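Chemist: full-length UniProt numbering puts the sequence shown at residues 1 to 245. Positions of the beta carbon are idealized from the N, C-alpha and C atoms, including for glycine. In this text, all values refer to a predicted model and were calculated from it rather than measured experimentally. Please find one structure pasted underneath; my questions will follow.
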Amino acid sequence: MCCENHFTRLANHVGNQKIFQELISEGKMSNIIIVNMRNFGVGVVVLTLAYLIATTIAEQCGRQAGGATCPNNLCCSQYGYCGDTDDYCSPSKNCQSNCHGSGGGSGESASNVRATYHYYRPEQHGWDLNAVSAYCSTWDASKPYSWRSKYGWTAFCGPVGPRGQASCGKCLRVRNSGTGAQETVRIVDQCSNGGLDLDVGVFNRIDTDGRGYQQGHLIVSYQFVDCGNEVDMINPLFSIMDAKQ
Numbered sequence: 001m002c003c004e005n006h007f008t009r010l011a012n013h014v015g016n017q018k019i020f021q022e023l024i025s026e027g028k029m030s031n032i033i034i035v036n037m038r039n040f041g042v043g044v045v046v047l048t049l050a051y052l053i054a055t056t057i058a059e060q061c062g063r064q065a066g067g068a069t070c071p072n073n074l075c076c077s078q079y080g081y082c083g084d085t086d087d088y089c090s091p092s093k094n095c096q097s098n099c100h101g102s103g104g105g106s107g108e109s110a111s112n113v114r115a116t117y118h119y120y121r122p123e124q125h126g127w128d129l130n131a132v133s134a135y136c137s138t139w140d141a142s143k144p145y146s147w148r149s150k151y152g153w154t155a156f157c158g159p160v161g162p163r164g165q166a167s168c169g170k171c172l173r174v175r176n177s178g179t180g181a182q183e184t185v186r187i188v189d190q191c192s193n194g195g196l197d198l199d200v201g202v203f204n205r206i207d208t209d210g211r212g213y214q215q216g217h218l219i220v221s222y223q224f225v226d227c228g229n230e231v232d233m234i235n236p237l238f239s240i241m242d243a244k245q
């Protein structure tokens, strides 16, 4: 464990290494009392607060922690710890929540989701939500061009996540379950297929083996991720299109 060496050195200092080793191996590190009979006769008590240990050793998420999810959109491993590597995030290694990566957003995710395609073709419409009659245009049509064009578009009606206005403007990392190809998209519309209705350009980019086109849909997983909107709003990426508007 991450703190074992530190506590071993501390145990050597007070002459109680055996006690520390037993506590470490048993995971009973919420409170540690060290009694140094050698130096002080009666003893010196050192209390290590539970907060310090919990942040490094205790099980932090998932079924081991009452269903808690990880902060900062980190993945919860099968053993109940938070992290952002494959050991934590891969469904094949029994990731419990926020699987397939990290970084902001609500972290809600779903797998085995049907994704069809729709001809939004925002590039041909100046990334104008009104021009394609997108549901979210009521709230997002006036957003800066840099915001509207930052990601490809999708309609959303998936099994996990907010619906209606609450979903507008949010971002998903969509992964082709068959090939692993993935892309981040922004929700601009509603749908009725129980999954996603991706812009055809996005669909084609993750349909790397062509099977999606052949069967008319893809099977994907998705996760809500951070769009980085704070950057857009605080220090917008002004473009010629923004200037014209």
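How far does the alpha helix (DSSP H) with residue 145 in it extend, from its first residue to its last?
Modeler: First-last of the alpha helix (DSSP H) with residue 145: 145 to 148.
Chemist: Helix, strand or coil for residue 194? Go by DSSP, reduced to three states.
Modeler: Coil, per DSSP.
Chemist: Pairs of beta-carbons, one from the stretch 155 to 164 and one from the stretch 194 to 210, closer than 8 Å: are there three or more?
Modeler: Segments in contact, yes.
Chemist: Return helix, strand or coil for residue 138, following the three-state DSSP convention.
Modeler: DSSP places residue 138 in helix when its eight states are reduced to three.
Chemist: Determine the burial state of residue 94: buried for a count of at least 16 other Cβ atoms within 10 Å of its Cβ, exposed for fewer.
Modeler: Residue 94 should be labelled exposed.
Chemist: Whole angstroms is fine: what's the gap from residue 77's alpha carbon to residue 208's?
Modeler: If I take the Cα positions, the gap works out to 29 Å.
Chemist: Measuring alpha carbon to alpha carbon, tell me which of 164, 172, 117 and 160 ends up nearest residue 190.
Modeler: Per the Cα distances, 164.
Chemist: Per DSSP, residue 85 is paired with what?
Modeler: The partner list for residue 85 (beta bridge, DSSP) is empty, contrary to what the question assumes.
Chemist: Helix, strand or coil for residue 132? Go by DSSP, reduced to three states.
Modeler: Helix, per DSSP.
Chemist: With burial defined as no fewer than 16 other Cβ atoms inside 10 Å of the residue's Cβ, what is the status of residue 227: buried or exposed?
Modeler: Residue 227 should be labelled buried.
Chemist: How should residue 160 be labelled, buried or exposed, when 16 other C-beta atoms within 10 angstroms of its C-beta is the threshold for buried?
Modeler: Residue 160 should be labelled exposed.
Chemist: Using only CA atoms, which one of 186, 223, 130 and 176 lies nearest to residue 204?
Modeler: Measuring from the Cα of residue 204, the nearest candidate turns out to be 176.
Chemist: Please report the distance separating the alpha-carbon of residue 63 from that of residue 142.
Modeler: Taking the straight line from one Cα to the other gives about 43 Å.
Chemist: With DSSP as the reference, label residue 200 as helix, strand or coil.
Modeler: DSSP places residue 200 in helix when its eight states are reduced to three.
Chemist: What residues match up with residue 176 in a beta bridge as DSSP calls it?
Modeler: Note: residue 176 sits in a beta bridge opposite 220.
Chemist: If you draw a straight line from the C-alpha of residue 83 to the C-alpha of residue 74, how long is it?
Modeler: Each residue's Cα considered, the two are about 5 Å apart.
Chemist: Which of helix, strand or coil does DSSP assign to residue 181?
Modeler: Correct three-state label for residue 181: coil.
Chemist: Assuming residue 222 contacts residue 173 under a Cβ cut-off of 8 Å, what Cβ separation, rounded to an integer in Å, is found between them?
Modeler: With a Cβ gap of about 7 Å, residue 222 and residue 173 count as contacting.
Chemist: For the putative contact between residue 185 and residue 135, defined by C-beta atoms under 8 Å, what is the C-beta separation to the nearest angstrom?
Modeler: 15 Å between Cβ atoms; not a contact.
Chemist: On the DSSP bridge assignment, give the partners of residue 65 in chain order.
Modeler: DSSP output for residue 65 lists no bridge partner at all.
Chemist: Determine the direct distance from the alpha carbon of residue 60 to that of residue 121, and round the result to whole angstroms.
Modeler: In a straight line, the C-alpha of residue 121 is about 43 Å away from that of residue 60.
Chemist: To the nearest angstrom, how far is the alpha carbon of residue 180 from that of residue 125?
Modeler: If you take the alpha carbons of residue 180 and residue 125, they lie about 30 Å apart.
Chemist: List the DSSP bridge partners of residue 117.
Modeler: BP columns for residue 117 point to 198.
Chemist: Can you pull the DSSP bridge partners for residue 153?
Modeler: Answer is 186.
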